[in-house]
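2 protein chains.
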Amino acid sequence: MDARKREILDGARRAFAKHGYEGATVVRLEAEIGLSRGAIFHHFQSKLDLFFALAEEDQQRAAKQWLEEGFGPLLRRIADENPAWVGVYLEIARMLRTDPAVRERWLRKSSEHDRLLLERMRELQARGEVRDDVEPTEIGRFLGVIVDGIALSVGAGVRDDVEPLIRLAEDAIAPRS
Amino acid sequence: MDARKREILDGARRAFAKHGYEGATVVRLEAEIGLSRGAIFHHFQSKLDLFFALAEEDQQRAAKQWLEEGFGPLLRRIADENPAWVGVYLEIARMLRTDPAVRERWLRKSSEHDRLLLERMRELQARGEVRDDVEPTEIGRFLGVIVDGIALSVGAGVRDDVEPLIRLAEDAIAPRS
């Protein structure tokens, strides 16, 4: 990614965290990014494009961490995420229900990551590290629900120790003896 | 509760679900409830009071169901909840972080329910139905995170089978053999 695009995305992330998605007007995006609307929207077509580019970065990072380091480290990092930025996701979650265009785009974006995680889950089952009496998609969904539940707390400004939650989640998906 | 208060709360719930919390203006509350603002705010001091009265009803119902029927039936009902109403909670979750008055009030309201559930968890541990090598508060938090994660999906308009999730959650908290 070129430096100008990087600069725009970093500024947009700050603006969304500071003002919320709805509250991040073009004027506020300009102020935080330090570029004119012409320059910003030359690189990204719309405010929604900016959000989706940021969410894509987050999701790639999360999938990579999950695949390479495991579920515990991912959960720890999410629990440490900037609450104001996580709050933007809560705003978008509501739009997923009310705005079909946002919804369609979100689902399309997620499917590639889901495919990778599913492969990983199958691999862990084959190696005997994850129980194989439950469908790999269901194990992925279960861990995803826990990620979402933690994110909801973080976005609401609650910060708690996640270690006991990681332990319980890992026990849930461990091979049955 | 007298009939007039009941009527106001039912109408407010419909108005919040239809327009969102922010979008439920006084004019829209009047239209949905079928009463003047004078009559509405004679019984409830503010829009926030209306939301908190509704959340209190939900939370009492959830705690009662959890205590009497268990975690599975509660999760099934939440997965079946009206997505538009659950979306109102996502809106309020963000306000918990940004509005100290909302936050303080929410925490105060939740502590009584938390106390009841903690007692219940201790009882289940004593009866050998829930593992006792994890603090009862942590088990309650774990199940709460799962409830929140499901609620986030429902509020985003995603409806999935919760049975595999219930099974995995129950395995996580089952006594270790």
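Protein sequences appear in the order of chains A and B. Residue numbering for the first sequence follows the working numbering, beginning at 1 and increasing consecutively. Residue numbering for the second sequence follows the working numbering, beginning at 1001 and increasing consecutively. Every residue gets a Cβ at the ideal spot worked out from N, C-alpha and C, and that includes glycine.
query	result
Indicate the three-state DSSP secondary structure (helix, strand or coil) for Thr1098 (chain B) in the structure shown.	helix
Tell me the rounded alpha-carbon separation between Ile1033 (chain B) and Ile1008 (chain B).	6 Å
Thr137 (chain A) lies in the alpha helix (DSSP H); which residues open and close that run?	Pro136 to Gly155
Is the beta carbon of Leu74 (chain A) sitting closer than 7 Å to the one on Ala84 (chain A)?	no
In chain order, what residues of the same chain have a beta carbon less than 8 Å from the beta carbon of His19 (chain A), not counting five sequence neighbours either side?	Thr25 and Arg28
Along the alpha helix (DSSP H) that carries Pro1073 (chain B), what are the first and last residues, could you check?	Phe1071 to Ala1079
Closer than 8 Å between beta carbons: that is the criterion. Which residues of the region 98 to 130 of chain A meet it against chain B?	Thr98 and Arg103
Going along chain A, which residues have a C-beta under 7 Å from Pro1083 (chain B)?	Arg97
With 8 Å as the C-beta to C-beta threshold (strictly closer), list the residues of the region 1133 to 1148 of chain B near chain A in chain order.	Val1134, Glu1135, Glu1138, Ile1139, Arg1141, Phe1142, Gly1144, Val1145, Ile1146, Val1147 and Asp1148
Identify each residue in the region 18 to 40 of chain A for which the Cβ-Cβ distance to at least one residue of chain B is less than 7 Å, and report them in chain order.	none
Over the uninterrupted alpha helix (DSSP H) stretch that includes Phe1016 (chain B), give me the two end residues.	Ala1003 to His1019
Is it right to say Asp1148 (chain B) is buried, meaning 16 or more other beta carbons lie within 10 angstroms of its own, or is it exposed?	buried
Relative to chain C, which residues along the region 43 to 69 of chain A have a C-beta separation below 9 Å, given in chain order?	Here chain C cannot be found, since the structure's protein chains are A and B.
In whole angstroms, what separates the C-alpha of Asp1010 (chain B) from that of Leu1054 (chain B)?	9 Å
Nearest-angstrom Cα distance between Asp1049 (chain B) and Val1102 (chain B)?	10 Å
Going by alpha carbons, who is nearest to Ala1003 (chain B) out of B:Pro1164, B:Asp1161 and B:His1043?	B:His1043
Have a look at Pro164 (chain A) and Val1134 (chain B) and give me their C-alpha separation to the nearest angstrom.	8 Å
Does any CB atom of chain B fall closer than 7 Å to the CB of Arg94 (chain A)?	yes
Alpha helix (DSSP H) containing Phe41 (chain A): first to last residue?	Arg37 to His43
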